[in-house]
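Here the structure comes first, spelled out in structure tokens, and everything after it is commentary.
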Amino acid sequence: MRKIERDKWKHFILAIPLGAVLELTGWYFLPHRPILFTVSAFMTLVVICYGFELFSKITGKGHYEVMDAIAGILGGSIGIGITWLFL
1 MRKIERDKWK HFILAIPLGA VLELTGWYFL PHRPILFTVS AFMTLVVICY
51 GFELFSKITG KGHYEVMDAI AGILGGSIGI GITWLFL
């Protein structure tokens, strides 16, 4: 198994609280629609993670890599899942 780069871990770890905040925000605005706010939190997470990578590519500030976005989406999904368990 290949060693996971430190940069990917950073995206993964920082996205966990992002996913939790998105889930809590959805719960705040749509408390009686758990599937809807969970799906909207996930879709927002995908847009933010990939949008950050696109911003890096377009502006040249940073390094564009799709695996960074995927690592962020995985971490954020864990944050969403953990938060969903407590709601």
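The numbers in our numbering rise by one with no breaks, and the one at position 42 of the sequence shown is 42. All residues carry an ideal CB built from backbone N, CA and C; glycine is no exception. Computed from a predicted structure; not experimentally measured.
Which stretch, first to last residue, makes up the alpha helix (DSSP H) that contains residue i?
i, result
"G19", "R6 to F29"
"G81", "V66 to F86"
"G51", "P34 to T59"
Residue i to residue j, Cα distance in whole Å?
i, j, result
"K3", "W9", "11 Å"
"F55", "G79", "23 Å"
"G51", "K57", "10 Å"
"I48", "L85", "23 Å"
"I82", "A20", "8 Å"
"Y28", "M43", "17 Å"
"L18", "G60", "24 Å"
"L87", "D7", "31 Å"
Would you call the CB atoms of residue i and residue j closer than 9 Å?
i, j, result
"F37", "E53", "no"
"G75", "L14", "yes"
"H11", "G72", "yes"
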